[in-house]
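Novice: Numbering (this note's numbering), first residue to last: 45 to 380.
Here a beta-carbon is modelled for each residue, glycine too, at the ideal position from N, C-alpha and C.
Okay, here's the structure, questions in a sec.
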Ligand code: PBG
């Protein structure tokens, strides 16, 4: 920094405010930009043919049934959003300790993928691979001897990935944090001839309190016994995130993700500068609800904070952001 400031001279010859003086200069010197191309919209699915249900801890977000899905997603397509991420709310009667519904080729996720692929062939579909929406204990894997069992879980996850890809999911996004799952899922996809199915790995996923509203949305919060600290990362760690990313890349991840987003911008920046690969952030449910809740109370100005928060991810080095604000942000960007 000392070197930089001497190279650039000082006040009064130097006045940084000059480049901020007019809108046209501000636009010319802007170092980053945000567009609808950067946004991925996460969507909650529900069974049956009923009306969409509001998610109370995430104002403005809904669980949508298959018969309303095409219209619901049409808004994102019109606004030029490249991809959506699907998450199923599984009825309790379909949950069991093994998460069997995850590998049913006619489950909600696969049915939604088939509907969407036939209606919007050019829209990217991202499928969450993990067992928590389907297990009665709410964990992302299967339990053996009181522990979430790594290797047995991966076998189920690999089958889950294959049936999702066969139903039309373009990008498998494993969010389970088992060791070695990227390599085994890649092998299973390749074995099934699905060599072009992409892998967006939740590489650095932290054991975070910011997932609370998401678990309400899927009805997995009541189910969850204990916490996920034996597989998701400790928020105290940063070097470990680089090891996670390195392993996932070596195992075949095409894109990596850091999650949550805003409290972990430092991790995003380290991942991007270290590996120079497509890096994504998930602005998770709790981040959405904090911002949205404050907006709804009149404490924050939506015209300012929604795009500012998303721009921060671009500045940190993200290629794109999974955000519940995707549609609202794309509409704002279009209005200019
Ligand atoms: C499940 C999963 C979670 C999220 C995405 N996939 C929750 C969890 O790990 O408990 C969180 C997303 C959000 O909070 O918006 N494996």
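1. What beta strand (DSSP E) runs, 3 residues minimum, are completely inside the stretch 111-185?
2. Between the C-alpha atoms of residue 118 and residue 124, what's the straight-line distance to the nearest angstrom?
3. Leaving out five residues on either side along the sequence, give the residues of the same chain with a beta carbon under 8 Å from the beta carbon of residue 231.
4. What I want to know is whether the C-beta of residue 258 ends up closer than 7 Å to one or more non-hydrogen atoms of the ligand PBG.
5. Any heavy atom of the ligand PBG closer than 7 Å to the beta-carbon of residue 275?
6. Keeping to the same chain, check which residues put their C-beta closer than 7 Å to that of residue 163; ignore five residues upstream and five downstream.
7. Give the secondary structure of residue 215 by DSSP, where H, G and I count as helix, E and B as strand, and everything else as coil.
8. Would you call the stretch 105-113 and the stretch 141-148 in contact, with 3 or more CB pairs under 8 Å?
9. Cα separation between residue 205 and residue 52?
10. Please report the straight-line C-alpha distance between residue 174 and residue 142, rounded to a whole angstrom.
11. In the DSSP assignment, what residue or residues form a beta bridge with residue 87?
12. What residues in its chain sit with their C-beta under 7 Å from that of residue 292, if we drop five residues either side in the sequence?
13. What's the C-alpha gap between residue 134 and residue 182?
14. Looking only at its own chain, which residues have a Cβ that is under 6 Å from the Cβ of residue 90, when we skip the five neighbours before and after it?
15. Strictly by DSSP, which residues pair up with residue 109?
16. Can you tell me where the alpha helix (DSSP H) with residue 366 in it begins and where it stops?
17. Does DSSP classify residue 187 as helix, strand or coil?
18. So, do the stretch 299-315 and the stretch 233-245 have three or more beta carbon pairs nearer to each other than 8 Å?
19. Quick check: does the Cβ of residue 330 come within less than 7 Å of any heavy atom belonging to the ligand PBG?
20. Determine the direct distance from the alpha carbon of residue 304 to that of residue 251, and round the result to whole angstroms.
21. Any heavy atom of the ligand PBG within a distance shorter than 7 Å of the CB on residue 150?
22. When burial is assigned at 16 or more other CB atoms within 10 Å of the CB, is residue 57 buried or exposed?
23. Let's see if you can read the secondary structure: which residues bound the beta strand (DSSP E) around residue 385?
24. State buried or exposed for residue 151, treating a residue as buried only when at least 16 other CB atoms are found within 10 Å of its CB.
25. Mind checking whether residue 373 and residue 351 have CB atoms under 8 Å apart?
Specialist: Reading it off the structure:
1. Listed in chain order, the beta strand (DSSP E) elements of length 3 or more contained wholly in the stretch 111-185 are 127-132, 168-173.
2. For the purposes of this step, residue 118 is taken as residue 74 along the chain shown, with counting starting at 1. For the purposes of this step, residue 124 is taken as residue 80 along the chain shown, with counting starting at 1. As the crow flies, the alpha-carbon of residue 118 is around 10 Å from that of residue 124.
3. On the chain shown, residue 231 is found 187 positions in, with the first residue counted as 1. For residue 231, where only same-chain residues beyond five positions count, the Cβ hits under 8 Å are 202.
4. Position 214 of the chain shown holds residue 258. With a cut-off of 7 Å, the C-beta of residue 258 is classified as near the ligand PBG, since at least one heavy atom of the ligand falls inside that distance.
5. Residue 275 sits at position 231 when you count from the first residue of the chain shown. Outside the cutoff, so no.
6. Along the chain shown, one-based indexing puts residue 163 at 119. Same-chain partners within the cutoff: 114.
7. Within the chain shown, numbered from 1, the residue matching residue 215 stands at position 171. Residue 215 falls in the strand class under three-state DSSP.
8. Touching, no.
9. Numbered from 1 along the chain shown, position 161 holds the residue referred to as residue 205. Numbered from 1 along the chain shown, position 8 holds the residue referred to as residue 52. Those two C-alpha atoms are separated by around 53 Å.
10. As a working mapping, residue 174 is identified with position 130 in the chain shown. As a working mapping, residue 142 is identified with position 98 in the chain shown. Roughly 12 Å separates the two Cα atoms.
11. Counting from 1 along the chain shown, the entry for residue 87 is found at position 43. In the DSSP output, where bridge partners are listed per residue, residue 87 has 130.
12. For the purposes of this step, residue 292 is taken as the residue at position 248 of the chain shown. Hits under 7 Å: 226, 245, 247, 300.
13. Position 90 of the chain shown, counted from the start, is the residue given in the question as residue 134. Position 138 of the chain shown, counted from the start, is the residue given in the question as residue 182. In a straight line, the C-alpha of residue 134 is about 11 Å away from that of residue 182.
14. Mapped onto the chain shown, residue 90 falls at position 46. Only 107, 109, 133 meet the Cβ criterion.
15. Position 65 of the chain shown holds residue 109. Per DSSP, 90.
16. Here residue 366 is taken as the residue at index 322 of the chain shown, counted from 1. Unbroken run through residue 366 is the beta strand (DSSP E), 364-367; no alpha helix (DSSP H).
17. Taking the chain shown and counting its residues from 1, one reaches residue 187 at position 143. DSSP places residue 187 in strand when its eight states are reduced to three.
18. Proximity of the stretch 299-315 to the stretch 233-245 meets the contact definition, three or more beta-carbon pairs being nearer than 8 Å.
19. Here the question's residue 330 lines up with position 286 in the chain shown. Residue 330 has its Cβ nearer than 7 Å to a heavy atom of the ligand PBG.
20. Residue numbering aside, residue 251 sits at position 207 when the chain shown is read from its first letter. Residue numbering aside, residue 304 sits at position 260 when the chain shown is read from its first letter. So the alpha carbons of these two residues sit roughly 9 Å apart.
21. Locating residue 150 in the chain shown gives position 106, where the first residue counts as 1. No; taking the cut-off as 7 Å, the Cβ of residue 150 has no heavy atom of the ligand PBG nearer than that.
22. To locate residue 57, count along the chain shown from 1; it is residue 13. With fewer than 16 Cβ atoms within 10 Å of its Cβ, residue 57 is classed as exposed.
23. Absent from the structure is residue 385, since the part of the chain shown begins at 45 and ends at 380.
24. The count along the chain shown starts at 1 and reaches residue 151 at position 107. So residue 151 ends up on the buried side.
25. Translated into positions along the chain shown, residue 373 becomes position 329. Translated into positions along the chain shown, residue 351 becomes position 307. Yes. Within cutoff.
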